[in-house]
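Protein chains in written order, with this note's numbering: chain A, 29 to 140; chain B, 6 to 121.
We treat Cβ as the ideally placed atom computed from N, Cα and C, and that holds for glycine.
Have a look at the structure below before the remarks.
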Amino acid sequence: RKEVEQDPGPFNVPEGATVAFNCTYSNSASQSFFWYRQDCRKEPKLLMSVYSSGNEDGRFTAQLNRASQYISLLIRDSKLSDSATYLCAVNGYGGATNKLIFGTGTLLAVQP
Amino acid sequence: EAEVAQSPRYKITEKSQAVAFWCDPISGHATLYWYRQILGQGPELLVQFQDESVVDDSQLPKDRFSAERLKGVDSTLKIQPAELGDSAMYLCASSSRSGVQSTEAFFGQGTRLTVV
């Protein structure tokens, strides 16, 4: 089983739609979780950190479900400019030498 | 705004040649990561430094790849000899803290390597 798994998509949604992505992780000791956005042939850019209490930033909401070991990203009122790959990142192990592990990414295509 | 600097942006090299990438993290960031990303896949961690020490290099192909961060600031990743399968984007990232409560990592623009 991969340490961090995402549905690669693509998710094709119309403008204005609400879309949600999940990301599962295998290490129950993981403590830090992040969502990144990556445009084609560009570097990943931090979208938001995921806190135990959830996190909301405008149209974007991230949540953590420790019991089921997944994080989610909800995008409301999708814009054409939201089209990108969304990567989740999880610190991989408990202890002093945690690794920041990324999923394969979920491709979102917002259609006019 | 502080940024992670990487150079070169693009590199074309012939197989069996040596190639090196450079990264200067955000000032004060103790943790430095090198990732490799193949098109259509997520970033794969190659090596992680805490200050000048390697804390993880389990996925680094040590027969041909080496990485150093001698003074705990900037870092170099080297490939010798390069192989066709090494063609990828090499991303450097830094964070102020790793460990159980790791902080977010910030990426440089990457070096796109093409081996011919």
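Taking a Cβ distance cut-off of 8 Å, strictly less, list which residues of the segment 70 to 93 of chain A are near chain B, in chain order. Lys70, Glu71, Pro72, Lys73, Leu74, Ser77
List the endpoints of the continuous beta strand (DSSP E) containing Pro42(A). For the purposes of this step, residue 42(A) is taken as the residue at position 14 of the first sequence. Looking at the DSSP string, the run of the beta strand (DSSP E) that includes Pro42(A) is 39 to 42.
Chain A contact for Pro128(B) (CB, 8 Å cutoff): It is not possible to answer for residue 128(B), since the shown part of chain B is limited to 6 through 121.
Contact test: Tyr53(A) Cβ vs the ligand FAD heavy atom, cutoff 7 Å: Of ligands this structure carries none, so the ligand FAD is not represented either.
With burial defined as no fewer than 16 other Cβ atoms inside 10 Å of the residue's Cβ, what is the status of Tyr79(A): buried or exposed? The count along the first sequence starts at 1 and reaches residue 79(A) at position 51. Exposed, since its Cβ has fewer than 16 Cβ neighbours within 10 Å.
Kindly indicate if chain B contains any beta-carbon less than 8 Å away from that of Ile129(A). As a first step, residue 129(A) is located in the first sequence; it is residue number 101 there, counting from the start. Taking 8 Å as the CB threshold, Ile129(A) lines the interface with chain B.
Thr132(A) to Ser96(A), Cα distance in whole Å? Taking the first residue of the first sequence as position 1, residue 132(A) is located at position 104. Taking the first residue of the first sequence as position 1, residue 96(A) is located at position 68. Straight-line spacing of the CA atoms in Thr132(A) and Ser96(A) works out to 20 Å.
Alpha carbon to alpha carbon, what distance is there between Pro42(A) and Glu57(B)? On the second sequence, residue 57(B) is found 52 positions in, with the first residue counted as 1. On the first sequence, residue 42(A) is found 14 positions in, with the first residue counted as 1. Roughly 48 Å separates the two Cα atoms.
For a quick check, are the C-beta atoms of Phe49(A) and Leu101(A) less than 8 Å apart? To locate residue 49(A), count along the first sequence from 1; it is residue 21. To locate residue 101(A), count along the first sequence from 1; it is residue 73. Contact: yes.
Quick check on the burial criterion: 16 or more other C-beta atoms within 10 angstroms. Buried or exposed for Ala124(A)? Against the first sequence, residue 124(A) aligns to sequence position 96. In this prediction, Ala124(A) has a pLDDT of 48, which is less than 50 and means its spatial position is unreliable; nothing more can be read from the coordinates.
Please list, in chain order, all residues of the same chain as Val120(B) whose beta carbon is under 7 Å from its beta carbon, the five residues on each side excluded. As a first step, residue 120(B) is located in the second sequence; it is residue number 115 there, counting from the start. For Val120(B), where only same-chain residues beyond five positions count, the Cβ hits under 7 Å are Thr18, Lys20, Ala87, Glu88, Leu89, Asp91, Ser92.
Hey, is Leu136(A)'s beta-carbon within less than 8 Å of any beta-carbon in chain B? Numbered from its first residue, the first sequence carries residue 136(A) at position 108. With 8 Å as the cut-off, Leu136(A) does not count as an interface residue toward chain B.
DSSP state of Leu115(A) mapped onto helix, strand, coil: Taking the first sequence and counting its residues from 1, one reaches residue 115(A) at position 87. Strand.
Among Ala45(A), Ser60(A), Gln34(A), Arg87(A), the one whose alpha carbon lies nearest that of Gly47(B): For the purposes of this step, residue 47(B) is identified with residue 42 of the second sequence, where counting begins at 1. Checked all of Ala45(A), Ser60(A), Gln34(A), Arg87(A); the closest Cα to Gly47(B) is Gln34(A).
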